[in-house]
Amino acid sequence: MRLTRTADLWWKTAVVYCLDVETFRDGDGDGTGDFHGLAQQVDYLDRLGVTCIWLMPFFPTPDRDDGYDIVDFYNVDPRLGTLGDFVEFTRTARDRGMRVIADLVVNHTSDRHPWFEDARSSRDSPYRDWYVWQDEPPADGPKGVVFPDEEDGLWSRDEASGQYYLHRFYRHQPDLNVANPDVRAEIARVMGFWMELGLSGFRVDAVPFLLETSGQDDAAALPDPHDYLADLRRFMTRRNGESVLLGEVNLPYPDTMRYFGDGGGDELTMCFDFIGMQHMYLSLARRDARPLASALRERPAPPKDAHWATFVRNHDELTLDRLTEDERNEVFDAFGPEETMRIYGRGLRRRLPPILGGDERHVKMVYSLLFSLPGTPVLYYGEEIGMAEDLRNEDRLAMRSPMQWRPGPRAGFSTADPGRYPAPVVEGQYGPDRVSVSAQLRDPGSLLSWIGLLAQRYRECPELAWGEYRILDTGVPQVLAHRCDTGDGLDGDVHDGTVIALHNFAPDATEVELELDGMAGDCVLTDLLVDGGTAVSADGTAKIALDGYGCRWFRATRGPD
């Protein structure tokens, strides 16, 4: 595989940063984050190494589901600014070389959306078929409630019209009928509208539910839902050839592969690697790299012009539902021993530093893993400084504390009284007096500096994005080693197209011996994270020492002729 690619595939080597505008930075002093405040921090994100900003929902909303209950797909929530503020932000980001993507939440609307209010007003409403209705809930209807702690069924009766409407999420979020051509056309108009205002793509929320048509009377006669996803991709490509669709598809690998497109990458551009992420936490709990190594060996290669997205945690809920019950309980016992730390019986509402007991060596190792695994790394705001969750907040809101810019009770988030903030500032060990951007900005040993270094090295190692990878046998259960090769690296002619990364999942120092194909002779492994290197012996092996929770990246090069 050669490195020659067009700029349209920018996302192959992107560093994605997910944020909630409401909790990132307040620019007008009213206590709520906004686009004006966000635009002021674009330079910070640029210095960090971010190349793509992912915005969580910023649309007008009653805010009963963290902004995912939308009442207007064509506007900005007034608390966060105006359409003009949005355009100014995207222009500022583009000036720094950063793209912007946003959540595409079209599985459902708020029950206060004008479409649904019109639909429930009469069975003859032109918007009636924009939603899914039944006289009685079907006995063999769709299975599985997305939020089992909150809802015990998928259908709710609308007394005004005397029918039941479908809602796979909350009852105040009626599902849109994506089988209706008018709904599909409207979704395309929404996407086109925001692309004209500066977006380079979308993160598609809960993709399998978007394509679900069971529960509809004529489901068997409807076209393949994947054809619809391919239509959206073609529409975006016509508007902007570099646009991206990043999909939330939490399914086993064989099922996830379908969402890249059976036609060879003509549906989603990227899919999150939920399987790898969940097995990473199992490895962390066991201090044993083998669960993650096994998952990565099983992970299929995506189509040529598609990619995996790697992440340490999903933005609100650290889901563990693809582990077995026993495996999930292992992770719960290690990282969520208290019931308040868990959510929906399948995940954690915690951030990484408290999960790992505040051990910075351990935390830094995990982020090294994130940036070195094949795929596009995705950060959640505050991860770069080691922010913690706030379990005082309900459900997923534990993850949405105000960004901690400076020490003090206001955390540098706003000049307003903290009582007006959308959520309390974290207190105690992980509060802004101990964890903040300003405290870490000029500290070369800080987590913030470490994340910046990893982003820089990742961008300097195209092998990690473009190469073919394989898991190496270390003979040491706690150590994961993988190798990424481009060009002739896999054919034995080693050059600057091979990168090797090692990560120790245990607190004890160790040494591993790697057998490295094609590297016998005068090959040298140059350390990319610290000064130094390791020679490869004449038989093609290399002995590499790792500290407890240590991590090392190497580039393989030939010695001088």
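UniProt numbering applies: residue 1 is where the sequence shown begins, and numbers increase by one.
We put the CB at the ideal spot given by N, CA and C, even for glycine.
- Setting aside the 5 residues that flank it on each side, residue 23 is surrounded in the same chain by 33, 400, 401, 402, 403, 422 and 423, each with a C-beta closer than 7 Å to its C-beta; the list follows chain order.
- Taken through DSSP and simplified to helix, strand or coil, residue 515 comes out as strand.
- Of the candidates 103, 21, 105 and 168, 168 places its Cα closest to the Cα of residue 133.
- According to the DSSP secondary-structure assignment, residue 176 is paired through a beta bridge with 131.
- If you look at residue 466, you'll find it isn't in any beta strand (DSSP E); it sits in the alpha helix (DSSP H) that goes 463-466.
- Boundaries of the beta strand (DSSP E) around residue 270: 270-272.
- Taking a cut-off of 8 Å for Cβ pairs, the region 469-489 and the region 428-448 do not touch, as fewer than three such pairs fall below it.
- Just so you know, the alpha carbons of residue 155 and residue 91 end up roughly 43 Å apart.
- Per DSSP, reduced to three states, the secondary structure at residue 108 is strand.
- The DSSP-derived three-state label of residue 361 is helix.
- Look at the region 354-426 and you find these whole runs of alpha helix (DSSP H), each 4 residues long or longer: 360-372.
- A distance below 8 Å between beta-carbons, with the five flanking residues on each side excluded, links residue 253 to the following residues of its chain, in chain order: 275, 298, 299 and 300.
- DSSP lists 503 as the beta-bridge partner residues of residue 480.
- The DSSP-derived three-state label of residue 552 is strand.
- DSSP, read as helix, strand or coil, puts residue 13 in helix.
- Here residue 74 is exposed: its Cβ has fewer than 16 other Cβ atoms, across all protein chains shown, within 10 Å.
- No residue range can be given for residue 530, since it is assigned to no alpha helix (DSSP H) and is classified by DSSP as neither H nor E.
- In the structure shown, the three-state DSSP call for residue 451 is helix.
- Between the region 422-440 and the region 50-61, the count of C-beta pairs closer than 8 Å stays below three; the two stretches do not touch.
- For residue 315, same chain residues with a beta-carbon under 6 Å away, outside a window of 5 residues either side, are 18 and 380 in chain order.
- One thing to note: residue 357 has its Cβ no nearer than 8 Å to the Cβ of residue 303.
- In the assembly as shown, residue 313 is a buried residue. Its beta-carbon has 16 or more other beta-carbons within 10 Å.
- From the listed residues 77, 268, 531 and 467, the smallest Cα separation to residue 227 is found for 268.
- Here the C-alpha atom of residue 374 lies approximately 26 Å from the C-alpha atom of residue 236.
- In terms of Cβ geometry, residue 248 and residue 206 form a close pair [threshold 8 Å].
- The C-beta distance from residue 500 to residue 440 rounds to 29 Å, too long to meet the 8 Å contact threshold.
- In the displayed model, residue 456 falls within a helix according to three-state DSSP.
- In the DSSP annotation of this structure, the continuous segment of the alpha helix (DSSP H) that includes residue 334 starts and ends at 325-335.
- Within the region 24-109, the runs of beta strand (DSSP E) at least 3 residues long that lie entirely inside it are, in chain order, 52-55 and 99-104.
- In the three-state reduction of the DSSP assignment, residue 197 falls in the coil class, being assigned neither a helical nor a strand state.
- By the criterion of a C-beta distance shorter than 6 Å, residue 188 is surrounded in its chain by 235, once the five residues flanking it on both sides are discounted.
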